[in-house]
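**Student:** Numbering (mature numbering (1 follows the signal peptide of the UniProt record, and there is no 0)), first residue to last: -20 to -1, 1 to 109.
Just dropping this structure here.
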């Protein structure tokens, strides 16, 4: 029974890692990484900032909001990128959209865990947006 528990945990972790790598490869496939970074500023908001902002302002609708922005394009949603325009990607399959949106949202919880005064609990609302 103990081995079955270990197997279930290993399977769950493998599935999460597979989905994470799928999301990253979809982002590469459609050229998302040309404008977006995972963390830090490029020509468009970092995926961490996209995730944090959508979770903050859209709550349980965050995934639907991200999917809508990918399918239909986006402009002016982020303070440091008011003139940046994201083109629409209407031909991405629903499976890829869901995987990509899940991967983007998974970036939100990835904050530093230093031992400073904030203990890594900051909102990450700096230049990443």
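Yeah, the Cβ is synthetic: ideal placement off N, Cα and C, and Gly gets one too.
Who are the Cβ neighbours of residue 22 in its own chain at under 7 Å, not counting the five residues just before and after it?
**Tutor:** Counted from its first residue, the chain shown places residue 22 at position 42. Excluding residues within five positions, the ones whose Cβ falls inside 7 Å are 15 and 16.
**Student:** Going by Cα to Cα distance, which pick from 45, 32 and 26 is closest to residue 64?
**Tutor:** Within the chain shown, numbered from 1, the residue matching residue 64 stands at position 84. Checking every option, the nearest Cα to that of residue 64 belongs to 26.
**Student:** Quick one: what's got a C-beta closer than 7 Å to residue 24's C-beta in the same chain, skipping five residues either side?
**Tutor:** Taking the chain shown and counting its residues from 1, one reaches residue 24 at position 44. Result list for residue 24: 15, 16, 61, 64 and 66, in chain order.
**Student:** Between which residues of its own chain and residue 127 is the CB-CB distance below 8 Å, once the five residues before and five after are set aside?
**Tutor:** It is not possible to answer for residue 127, since the shown part of the chain is limited to -20 through 109.
**Student:** From the DSSP secondary-structure annotation, give me the bridge partner or partners of residue 54.
**Tutor:** Locating residue 54 in the chain shown gives position 74, counting from the first residue. Per DSSP, 66.
**Student:** Return yes when the Cβ of residue 57 is within less than 8 Å of the Cβ of residue 85, no when it is not.
**Tutor:** As a working mapping, residue 85 is identified with position 105 in the chain shown. As a working mapping, residue 57 is identified with position 77 in the chain shown. Cβ atoms of residue 85 and residue 57: not closer than 8 Å.
**Student:** Leaving out five residues before and five after residue 76 in sequence, what residues of the same chain have Cβ atoms less than 6 Å from its Cβ?
**Tutor:** Indexing the chain shown from 1 puts residue 76 at position 96. The answer, listed in chain order, is 6.
**Student:** Just to confirm the assignment, what range does the alpha helix (DSSP H) spanning residue 84 have?
**Tutor:** As a working mapping, residue 84 is identified with position 104 in the chain shown. First-last of the alpha helix (DSSP H) with residue 84: 74 to 86.
**Student:** Quick check on DSSP: helix, strand or coil for residue 18?
**Tutor:** For the purposes of this step, residue 18 is identified with residue 38 of the chain shown, where counting begins at 1. In the structure shown, residue 18 sits in coil (DSSP, three-state: anything other than H, G, I, E or B).
**Student:** Taking 8 Å as the cut-off, decide whether the C-beta atoms of residue 55 and residue 69 are in contact.
**Tutor:** For the purposes of this step, residue 55 is taken as residue 75 along the chain shown, with counting starting at 1. For the purposes of this step, residue 69 is taken as residue 89 along the chain shown, with counting starting at 1. No.
**Student:** Quick check: what's the CA-CA separation for residue 143 versus residue 9?
**Tutor:** The shown model of the chain, from -20 to 109, leaves out residue 143, and the question about it has no answer.
**Student:** Give a yes or no on whether the C-beta atoms belonging to residue 88 and residue 46 are separated by under 8 Å.
**Tutor:** On the chain shown, residue 88 is found 108 positions in, with the first residue counted as 1. On the chain shown, residue 46 is found 66 positions in, with the first residue counted as 1. Contact: no.
**Student:** Work out the CA separation of residue 83 and residue 53 for me, nearest whole Å.
**Tutor:** By one-based count along the chain shown, residue 53 stands at place 73. By one-based count along the chain shown, residue 83 stands at place 103. Whole-angstrom Cα-Cα distance: 18 Å.
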